[in-house]
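In what follows, a structure is listed as structure tokens, so that the remarks can point back to it.
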Amino acid sequence: MQSHARGHLVYAAGGVLAVHTERGTSIVPADRVAWTPAGFTHSHRAHGDTDMRIVFLPPSLARLVPDRPAVFLASGLAREVLLALTGPRDSDDAAPRHSRSARSRLLRVLVDELREAPEQPLHLPEPRDDRLRAIARILRETPAENASLAELGRTIGASTRTLSRLFRAELGMTFYEWRTQLRVYHALVLLADGHDTTRTAHACGWANPSGFIAAFTDIVGTTPGRYRAGRRTTAR
Numbered sequence: 025m026q027s028h029a030r031g032h033l034v035y036a037a038g039g040v041l042a043v044h045t046e047r048g049t050s051i052v053p054a055d056r057v058a059w060t061p062a063g064f065t066h067s068h069r070a071h072g073d074t075d076m077r078i079v080f081l082p083p084s085l086a087r088l089v090p091d092r093p094a095v096f097l098a099s100g101l102a103r104e105v106l107l108a109l110t111g112p113r114d115s116d117d118a119a120p121r122h123s124r125s126a127r128s129r130l131l132r133v134l135v136d137e138l139r140e141a142p143e144q145p146l147h148l149p150e151p152r153d154d155r156l157r158a159i160a161r162i163l164r165e166t167p168a169e170n171a172s173l174a175e176l177g178r179t180i181g182a183s184t185r186t187l188s189r190l191f192r193a194e195l196g197m198t199f200y201e202w203r204t205q206l207r208v209y210h211a212l213v214l215l216a217d218g219h220d221t222t223r224t225a226h227a228c229g230w231a232n233p234s235g236f237i238a239a240f241t242d243i244v245g246t247t248p249g250r251y252r253a254g255r256r257t258t259a260r
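Each position in the sequence shown, counted from 1, maps to that position plus 24 in the numbering used here.
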């Protein structure tokens, strides 16, 4: 875990990244950008053959993006700017030597692109209440667990009504929405590790691949098959 005086963008040019903060976990598939504001304690974890790029923003530009962790879809222009700022993958050289003014212009273009980009529903908030934390722990350890909220409530000693209220109040979503996002995040990791769609669907709690494909597409914006094919394309 670490924190920085400046906010930074983490770009997945290939593979899948997980960015953990006290607010929750952002899953960053290929061609997404995760933003972590200054001062947030965080850690990064790579899954699969991951090409990670990091760009720090000066305060004058950081104030133009959200003051909380967020994930954005990288436009073609944003992708090219990120690659230009960070250099070719697996290079022994440092990042390209841009003049200060040129780098400032590139950063401004990048931030302008991110301000136009839609936020992705790829940030899973972290529960604070001990009862929700207990449920989150169970589901993270066994994503395929299909117990209802009532059954999980009996396990931890809380009523369905109380848990439903806590999910909405703390996390801004229902239990089933939160569990679906958690499962899709786990699926992204499995797909990055080379698992096929059917095996991934079953490992994440779906009885058939069609339900998994629909949920995955709704959150990630593409089907698991297209995602697996696209992630094989690495940066220049």
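Glycine included, C-beta positions come from ideal geometry on N, C-alpha and C.
*Please check the pair leucine 173 and leucine 187, which I expect to be a contact at CB under 8 angstroms, by giving their CB distance rounded to whole angstroms.*
6 angstroms
*Entirely within the stretch 165–251 and at least 4 residues each: give me those alpha helix (DSSP H) ranges in chain order.*
173–180, 184–190, 199–216, 221–227 and 233–244
*Report yes or no: do three or more beta-carbon pairs, one from the stretch 193–208 and one from the stretch 227–243, lie closer than 8 angstroms?*
yes
*Mind checking alanine 86: buried by the 16 CB within 10 Å criterion, or exposed?*
buried
*Put valine 89 into one of helix, strand or coil per three-state DSSP.*
coil
*Give the straight-line distance between the Cα atoms of valine 57 and leucine 33, rounded to the nearest whole angstrom.*
6 angstroms
*On the three-state DSSP scale, how would you describe proline 103?*
Position check: residue 103 holds arginine in this sequence, whereas proline was assumed. In the structure shown, arginine 103 sits in a helix (DSSP, three-state: H, G or I).
*In or out: threonine 49 buried (at least 16 other Cβ within 10 Å) or exposed?*
buried
*Stretch pair the stretch 171–185 + the stretch 122–139: three plus CB contacts closer than 8 angstroms*: no
*asked:* Among Glu46, Thr45, Asp55 and Gln26, whose alpha-carbon lies nearest the alpha-carbon of glycine 38?
replied: Asp55
*Does the beta-carbon distance from isoleucine 162 to leucine 148 come in below 8 angstroms?*
no
*Is it right to say leucine 195 is buried, meaning 16 or more other beta carbons lie within 10 angstroms of its own, or is it exposed?*
buried
*Is arginine 152 helix, strand or coil when you go by DSSP?*
coil
_Counting C-beta neighbours from all protein chains within 10 Å, is the total for glutamine 26 16 or more, i.e. buried, or is it exposed?_
exposed
*Would you call glycine 229 buried or exposed, if buried means 16 or more other Cβ atoms sit within 10 Å of its Cβ?*
buried
*For histidine 71 versus alanine 42, is the C-beta distance shorter than 8 angstroms?*
yes
*asked:* Please report the distance separating the alpha-carbon of valine 244 from that of serine 84.
replied: 31 angstroms
*Going straight from the alpha carbon of glutamate 140 to that of phenylalanine 96, what length do you get?*
10 angstroms
_Opposing strand residues paired with isoleucine 51 [DSSP bridges]_ = Ala42
*Can the beta-carbon of arginine 164 be found less than 8 angstroms from the beta-carbon of leucine 215?*
no
_Own chain partners of arginine 69 with C-beta closer than 6 angstroms, once the 5 adjacent residues on each side are dropped_ = Ala42
_Run of the alpha helix (DSSP H) containing arginine 139, from where it starts to where it stops_ = 124–140
*asked:* Whole angstroms are fine: how far does the CA of leucine 138 sit from the CA of valine 89?
replied: 8 angstroms
*asked:* At the level of alpha carbons, what is the spacing between alanine 126 and leucine 212?
replied: 36 angstroms
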